[in-house]
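Numbered by mature numbering (1 follows the signal peptide of the UniProt record, and there is no 0), the letters in the sequence shown go through residues -19 to -1, 1 to 601 in order.
Idealized CB from N, CA, C, for every residue including glycine.
Here the structure is laid out as structure tokens; the discussion comes afterwards.
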Amino acid sequence: MRHFLPAALLISALQPAFAGGYVPAPQHLEPPFWWAGMRETQLQLMVHAPKIAGSKVVLQYPGVRLQKVQTLPNPNYLVLTLQLSPTVRPGSFAIRFLHPETRQERYQYQYRLLQREPQSAQRQGFGAQDVILNLVPDRFANGNPDNDRIAGYPDHVDRSDDGGARHGGDIAGIRAHLDYIQRMGYTMIWPTPMLENNMPRYSYHGYAATDLYRIDPRFGSNEDYRQLVQAARQRGIGMIQDVVLNHIGSHHWWMQDMPAPDWLGFQGKFVPTRHARTTLSDRYAAAADRENFSYGWFTDTMPDLNQRNPVLATYQIQNTIWWIEYAGLSGLRVDTYSYSDPAFLARWSASILREYPHFSMVGEEWSPQPLVVARWLRGYRNPDGYRSSMPSMMDFPMQDVLRQAFSGNESWNSGFNSLYEALVADQLYPQPERMVLFDGNHDISRIYSVFDKDAALVKMALAYIATIPRTPQLYYGTEILMESRKERDDGAARRDFPGGWAEDKVNAFTGAGLSDAQQDMQRYVARLLNWRKTATAVHKGRMLHFSPEDGIYCYFRILGKQTVMVVLNKNTESRELALARFAEGTGQSTQATDVIAGRQFRLEEKLSVPARSATILELE
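Here is the structure:
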């Protein structure tokens, strides 16, 4: 596979050398640049070039010391460890690779230490005050058709193929519609991965990286991505990067010249994972099953990385920090979190927070069992002594219950009662409000289809997601009732957002061509999310809920003098609630404001709640 150097490497691809000639740069040197003033003062550089292992390495710069030169089993690699002084200043210096006998210069790289952005280490991550938008960049909007086809990238655009082809969405498309995202009330964007996926086919989803330091040129450039983050920040929107630690794509440049035999799980042999995620917590689990879960491959096109190799482990930690610092990220969503080596995950999560103490990360552990998810949370006490630093995980257990509760019948052990009882698991979560609860994502069927196209149920579910102690995440298109199949079908769940392509007849960004139901849902979501920005009691107030009765579930969020009351009514007719039962929540309140309808009224002995609705009240 032809490999394209990142821009940072291109600028130093040819270096001045002896006798007025030129000395080539190594094929890869990663990280391509770094920053002065980082808390971690050791910097590992992975260098790749033909027969570089025997080279004598020379560098000279105040505050930088070459601490260690390490070879790997493949002689085309060298690993340098630089010790950076805490007071090292930004600047550049040559790293020279000399022939061991003749001292002739074979390679040279002009390395740069950059100035950090002010307060970079103190950046604030996302939390319960935010609402996250998950979108698939290839299917959101095509802002630059010129990058639909790029030489050397065989997986081309075909909008007639939902299943695996690219559709042309890109960074320019996201940036062009930041105003829409802001108007809807989102404060964070989580796009699926945008790193280079130069795979022969099915590359649009982004989860098979072929270069961990490069944005896929069909999405744009590294600089385009950085400018997108800056443009979003100017609108009060942070960027969450989707990180894949567990695996790479089978066409990653490492696969053409493997650094070491143990770089991949099972010594590079394809052994499929059995997805036995409970093995890490199960006291009865066989060691072989634990090994298979942590090092088995997803597919033969997604080689599993072996983070027990210390060079690889450090490489991945530095790669994550590089993107946070370079792009100005507000958070990370970590794909297939639990599948990586557990000891590495503990080190990785601690390293990120050591560099950025207030940063946010959320991991994917796709399990309906709260105990399995809680294992990875910072502050959770595992019986086996395992300690993690992850602040948050995706709340798959609650999401699973939510979908069943709203689509199922009401009974003593289903419907709203299952939602009520599921919250008892919050005692397992050190900070339940940081758990990310979602209506859907790129891997599951759309909620509108799961609810048999019942928009009223969608509204109730979104109200619940937005008002319980969680960090809400919505999937692109939920606000316009986008559909999929009820069973999992990735292509159907990732269809194009209407209006993102010039030829689209329906434009959800402007409202042109949307049905009345779609426009109504769009207005509802915008009203809900924009109200939530100022609802401090929802962000950090205590939760008080009353056991559901006759298809009605009532709960409160209380912070000081601010009280939010939520009533979910699944019945096909309106109901009168006797407020005496809920006096523990209503207190001395006499006035209420319906935050969706915008009307104020006096609280009486009974409250009328409309049929099949979520009533959200601010009490006074």
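Excluding the 5 residues preceding and the 5 following Q105 in the sequence, name in chain order all residues of the same chain whose CB lies nearer than 7 Å to its CB.
H339.
For K186, does the count of other Cβ atoms within 10 angstroms reach 16, so buried, or fall short, so exposed?
In the sequence as displayed, the identity of residue 186 is His instead of Lys. Per the 10 Å Cβ criterion, buried.
Counting only runs that start and end within the region 299 to 355, where is the alpha helix (DSSP H) found for 4 or more residues in a row?
323 to 336, 351 to 355
Where does the unbroken alpha helix (DSSP H) through V506 begin, and where does it stop?
497 to 513
Any contact of the region 561 to 571 with the region 540 to 549, i.e. 3+ C-beta pairs under 8 Å?
At 8 Å Cβ cutoff, the stretches touch.
Local Cβ density within 10 Å of Q237, reported as buried at 16 or more and exposed below that:
exposed
In this structure, what does DSSP give as the bridge partners for D223?
DSSP, once it has assigned bridges, lists R314 as partnering D223.
Just checking my contact of S370 with A324 at CB under 8 Å: how many whole Å lie between their CB atoms?
Rounded, the Cβ-Cβ distance is 13 Å, inconsistent with contact.
In three-state DSSP terms, what is L53?
coil
Give me the Cα-Cα distance between N300 and P56, rounded to the nearest whole angstrom.
Cα-Cα distance, rounded: 23 Å.
According to DSSP, which residues form a beta bridge with V210?
DSSP, once it has assigned bridges, lists no residue as partnering V210.
Would you kindly check if the distance between the Cβ of I539 and the Cβ of residue 613 is under 8 Å?
Residue 613 lies beyond the residue range present for the chain, which begins at -19 and ends at 601; the question has no answer from this structure.
Any chance the region 36 to 49 sits against the region 224 to 234, with 3 or more Cβ pairs inside 8 Å?
Too few Cβ pairs lie closer than 8 Å, so no.
Local Cβ density within 10 Å of A255, reported as buried at 16 or more and exposed below that
The sequence given here has Arg at residue 255, not Ala. Per the 10 Å Cβ criterion, exposed.
For the region 427 to 451, which segments carrying the alpha helix (DSSP H) assignment without a break, of at least 4 residues, lie completely within its bounds, in sequence order?
428 to 431, 436 to 448
Between the alpha carbons of L63 and W304, how many angstroms are there, rounded?
20 Å
Given this structure, state the Cα-to-Cα distance separating L(-15) from Y296, to the nearest angstrom.
At L(-15), the pLDDT of 40 sits below 50, so the modelled position is not reliable; the number obtained from the coordinates is stated separately. Each residue's Cα considered, the two are about 18 Å apart.
Reduced DSSP category for N488 - H, G, I as helix; E, B as strand; rest coil
strand
Figure out for me which residue from D316, L116, V138, A189 has the closest Cα to the Cα of R475.
L116
Can you have a look at T459 and say buried or exposed, based on whether 16 or more other CB atoms are within 10 angstroms of its CB?
buried
Pop quiz: I113 and T452 are said to be a contact at Cβ under 8 Å. What is the actual Cβ separation, rounded to whole angstroms?
7 Å
Mind checking who M374 pairs with in its DSSP beta bridge?
G344
Reduced DSSP category for G1 - H, G, I as helix; E, B as strand; rest coil
Because the pLDDT of G1 is 48, which lies under 50, any placement of that residue in the model is unreliable, and the question is left without a value.
With three or more beta-carbon pairs closer than 8 Å as the criterion, would you say the region 422 to 429 touches the region 548 to 564?
no
What residues are listed by DSSP as bridge partners for G396?
Looking at the DSSP assignment, G396 forms no beta bridge with any residue, so it has no partner.
Should H232 and N287 be called a contact, given that it needs their Cβ atoms to be closer than 8 Å?
no
Is the beta carbon of D322 closer than 8 Å to that of R362?
no
Threshold first: 3 residues or longer. Then list the beta strand (DSSP E) segments lying entirely within the region 24 to 94, N to C.
37 to 40, 45 to 52, 58 to 65, 72 to 79
Quick test of your reading: residue 602 and D119, contact by CB under 8 Å. State the CB separation rounded to the nearest angstrom.
Lying before the first or after the last residue shown, residue 602 is absent from the chain, which here runs from -19 to 601.
To which residues of the same chain is K587 closer than 8 Å at the C-beta, ignoring the five residues directly before and after it?
E557, L558, A559, L560
Once you ignore the five residues that flank P351 on each side, which residues in its own chain have a CB closer than 8 Å to its CB?
The residues are P378, A406, L409, Y410.
Among S388, L510, R46, S141, which residue has its Cα nearest to the Cα of R593?
Minimum Cα distance to R593 is reached at S388.
Limits of the unbroken alpha helix (DSSP H) element including I162
159 to 165
Quick one: what does DSSP say P413 is sitting in, helix, strand or coil?
helix
Close beta carbons around W171, own chain, < 6 Å, minus the five adjacent residues each side
I113, N115, I221, R314
Is the region 133 to 141 touching the region 464 to 475 in the sense that three or more CB pairs, one from each, lie closer than 8 Å?
no
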